[in-house]
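Enquirer: One structure, as structure tokens, below. Some questions next.
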């Protein structure tokens, strides 16, 4: 039997989930294994300490404030969605009209028109690239799976 | 009519059919657990409040994807864990626990309360120094009193992995407590 198995048994004995056979086996082992005996003692001490510790409960006031804040955030979320949609539509339309006026304006030099169009095309490519990257990262987010120790 | 006796699956069905109050039952039922779970990983009360609320909002918006034949909390816990670790990754910080976040169970005698406060400080320091993953498993096991099986279900890993992580988390905690006492 490997030493690793006794570490596994140690946990089960400390946590009180070992069978009688496993418990006897472990207790017999620590009679001659100093390392496991020391570790068992330390784990038992930690166990006793942890059994006296507890987290504070959330007070009724804190729970009520939590719920209020949560529903406010849910409502605000809807507000942000509408606001964003509206802003995108208005800015998109405004931008389109502005560019249209700019392009058809005969007073603006052709070089300037080409320059502005190139800048806009660059911005669109960058925007699409960032969006693609965001979607890719979201899809393959390493934290969406188990986080390794 | 929903109340605190309404089962999760029923409350979710009602929420999906448009009864927004039904989701309040789910929130009330799991607020404490969600908050604590976030607190173990993030180690900060305000961040735990914000991120656990984000998780409820995310769960509410994705409720259609939830399989009502399965228990709600493990699904929700996955969302919450992802948000917690994403939060840590974004902020690149691991704030320490506040000493006030813990309290010792009733001391048995006036003399023991002094020891308890000392121990509490050492323990808080030790917990603050652990990795979020260690704190998370310690929290689930000791403060939530969850079995190996339940922890395994919540983390989506085999029981053997839970035992192994718990072993090392306790070892790290013990080592840090010893360092803190010196």
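Residue numbers (the numbering used here), protein chains in the order written: chain A, 1 to 149; chain B, 1 to 182. Where is the CB? At the ideal position from N, CA and C, for every residue including glycine. Keep in mind the model is a prediction, meaning the values are calculated, not measured.
1. Between which residues of its own chain and residue 103(A) is the CB-CB distance below 7 Å, once the five residues before and five after are set aside?
2. Check whether the Cβ atoms of residue 138(B) and residue 169(B) lie closer than 8 Å to each other.
3. Keeping to the same chain, check which residues put their C-beta closer than 6 Å to that of residue 36(B); ignore five residues upstream and five downstream.
4. By how many angstroms is the C-alpha of residue 171(B) removed from the C-alpha of residue 86(A)?
5. Closer than 7 Å, Cβ to Cβ, to anything on chain A: give me those residues from the stretch 118-132 of chain B, in chain order.
6. Going by DSSP, what residues sit across from residue 12(B) in a beta bridge?
7. Taking residue 140(B) as part of the beta strand (DSSP E), name the residues at either end of that continuous run.
8. Run down chain B in chain order and give the residues with a C-beta less than 8 Å from the C-beta of residue 63(A).
9. Beta-carbon of residue 133(A) versus every beta-carbon of chain B: anything under 8 Å?
10. Compute the Euclidean distance between the alpha carbons of residue 210(A) and residue 79(A), then round it to the nearest angstrom.
11. Could you give the residue range of the beta strand (DSSP E) that holds residue 54(A)?
12. Can you check which of these residues, 80(B), 20(B), 64(B), 42(B), is closest to residue 154(B) by C-alpha distance?
13. With a threshold of 8 Å, are at least 3 pairs of Cβ atoms found where one atom belongs to the stretch 48-56 of chain A and the other to the stretch 136-151 of chain B?
14. If we require 3 or more residues per run, which beta strand (DSSP E) segments fall completely within the stretch 61-107 of chain A?
15. Please decide whether residue 53(A) counts as near chain B, where near means a Cβ-Cβ distance under 8 Å.
16. Quick one: which chain A residues come within Cβ less than 7 Å of residue 49(B)?
17. Specify the secondary structure class of residue 185(B) as computed by DSSP and reduced to three states.
18. Return the chain-ordered list of same chain residues with a C-beta closer than 6 Å to the C-beta of residue 112(B), the five sequence neighbours on each side being excluded.
19. At which residues does the alpha helix (DSSP H) containing residue 38(B) begin and terminate?
20. Just to confirm my understanding: we take residue 63(B), look at its own chain, exclude 5 residues before and 5 after, and list those with CB closer than 7 Å. What are they?
21. By Cβ distance, which residues of its chain are closer than 8 Å to residue 162(B), with the 5 residues on each side in sequence left out?
22. Can you check whether the C-beta of residue 170(B) is within less than 8 Å of a C-beta belonging to chain A?
23. For the alpha helix (DSSP H) containing residue 23(A), name the first residue and the last one.
24. Please state whether DSSP places residue 122(B) in a helix, a strand or coil.
25. Rank 57(B), 84(B), 177(B), 28(B) by C-alpha distance to the C-alpha of residue 125(B) and give the top, closest one.
26. Among 8(B), 40(B), 175(B), which one has its Cα closest to the Cα of residue 30(B)?
27. For residue 43(A), decide whether its Cβ has a neighbour in chain B, counting only Cβ atoms nearer than 8 Å.
28. Relative to chain B, which residues along the stretch 69-81 of chain A have a C-beta separation below 9 Å, given in chain order?
29. Please list, in chain order, the chain A residues whose beta carbon lies closer than 9 Å to that of residue 57(B).
30. At a cut-off of 7 Å, would you count residue 77(B) as near the ligand MG, judging by its Cβ distance to the nearest heavy atom?
31. Counting beta carbon pairs with one atom in the stretch 39-49 of chain B and one in the stretch 121-139 of chain A, are three or more of them shorter than 8 Å?
32. At least one CB of chain D closer than 8 Å to the CB of residue 112(A): is that the case?
33. Measuring alpha carbon to alpha carbon, tell me which of 83(A), 8(A), 50(A), 120(A) ends up nearest residue 95(A).
34. Could you check whether the stretch 59-69 of chain A touches the stretch 40-49 of chain A, counting it as contact only if at least three pairs of C-beta atoms, one from each stretch, sit closer than 8 Å?
Expert: Walking through what the data contain:
1. On the first chain, position 103 is the one that residue 103(A) refers to. Short of 7 Å from the beta carbon of residue 103(A), and not among the five residues preceding or following it, lie these beta carbons of its own chain, in chain order: 113.
2. By one-based count along the second chain, residue 138(B) stands at place 138. By one-based count along the second chain, residue 169(B) stands at place 169. For residue 138(B) and residue 169(B), yes; Cβs fall inside 8 Å.
3. In the second chain, the residue the question calls residue 36(B) occupies position 36. Cβ neighbours of residue 36(B) beyond the five flanking positions: none.
4. Position 86 of the first chain, counting from 1, holds the residue named residue 86(A). Position 171 of the second chain, counting from 1, holds the residue named residue 171(B). Each residue's Cα considered, the two are about 55 Å apart.
5. Interface annotation for the stretch 118-132 of chain B against chain A: 119, 123, criterion Cβ-Cβ distance under 7 Å.
6. Locating residue 12(B) in the second chain gives position 12, where the first residue counts as 1. The secondary-structure analysis by DSSP pairs residue 12(B) with nothing; it has no beta-bridge partner.
7. Along the second chain, read from residue 1 onward, the residue named residue 140(B) stands at position 140. Per DSSP, residue 140(B) lies in no beta strand (DSSP E) segment and is marked neither H nor E.
8. Along the first chain, one-based indexing puts residue 63(A) at 63. Residues of chain B with a Cβ closer than 8 Å to the Cβ of residue 63(A) are, in chain order, 28, 31, 32.
9. Mapped onto the first chain, residue 133(A) falls at position 133. So no, residue 133(A) is outside the interface.
10. This structure gives no information on residue 210(A), because the portion of chain A shown stretches from 1 to 149.
11. As a working mapping, residue 54(A) is identified with position 54 in the first chain. Start and end: 53-55.
12. The residue labelled residue 154(B) in the question sits at position 154 within the second chain. Considering only alpha carbons, the answer is 80(B).
13. Contact holds: three or more Cβ-Cβ distances are below 8 Å.
14. Counting only unbroken stretches of 3 or more residues, no beta strand (DSSP E) element lies wholly within the stretch 61-107 of chain A.
15. Residue mapping note: residue 53(A) aligns to position 53 of the first chain, counting from 1. At least one CB atom of chain B sits nearer than 8 Å to the CB of residue 53(A).
16. Locating residue 49(B) in the second chain gives position 49, counting from the first residue. Listed along chain A are 66, each with a C-beta nearer than 7 Å to that of residue 49(B).
17. Because chain B in this structure spans residues 1 to 182, residue 185(B) falls outside the shown range and cannot be described.
18. Here residue 112(B) refers to the residue found at position 112 of the second chain. Legend: pLDDT at residue 112(B) = 49, less than 50; position of this residue unreliable, no value from coordinates given.
19. Taking the second chain and counting its residues from 1, one reaches residue 38(B) at position 38. From DSSP, the alpha helix (DSSP H) with residue 38(B) extends over 20-42.
20. Here residue 63(B) is taken as the residue at index 63 of the second chain, counted from 1. So the list reads 12, 15, 16, once near-sequence residues are dropped.
21. The residue labelled residue 162(B) in the question sits at position 162 within the second chain. Around residue 162(B): 137, 148, 151, 152, 155.
22. Within the second chain, the letter at position 170 stands for residue 170(B). Chain A contact via Cβ: present.
23. Along the first chain, read from residue 1 onward, the residue named residue 23(A) stands at position 23. Here the alpha helix (DSSP H) through residue 23(A) covers 20-32.
24. Here residue 122(B) refers to the residue found at position 122 of the second chain. Here residue 122(B) carries a helix assignment [DSSP, helix/strand/coil].
25. Taking the first residue of the second chain as position 1, residue 125(B) is located at position 125. Across the set 57(B), 84(B), 177(B), 28(B), the C-alpha of 177(B) shows the shortest separation from the C-alpha of residue 125(B).
26. Position 30 of the second chain, counting from 1, holds the residue named residue 30(B). The shortest CA-to-CA distance from residue 30(B) to any of 8(B), 40(B), 175(B) is the one to 8(B).
27. If you number the first chain from 1, residue 43(A) lands on position 43. Using a Cβ-Cβ cut-off of 8 Å, residue 43(A) counts as an interface residue toward chain B, since at least one Cβ of chain B sits closer than that to its own.
28. Going along the stretch 69-81 of chain A in chain order, one finds 69, 70, 71, 73, 74, 77 with a Cβ nearer than 9 Å to chain B.
29. One-based indexing of the second chain puts residue 57(B) at position 57. Simply 70, 73, 74, 77.
30. Ligands are entirely absent from the displayed structure, and the ligand MG is therefore not among its contents.
31. Cβ pair count under 8 Å is below three, so no.
32. Here the protein chains are A and B, and chain D is not one of them.
33. By 1-based counting over the first chain, the position of residue 95(A) is 95. Ranking the options by Cα distance to residue 95(A), first place goes to 120(A).
34. Counting Cβ pairs under 8 Å, fewer than three are found: no touch.
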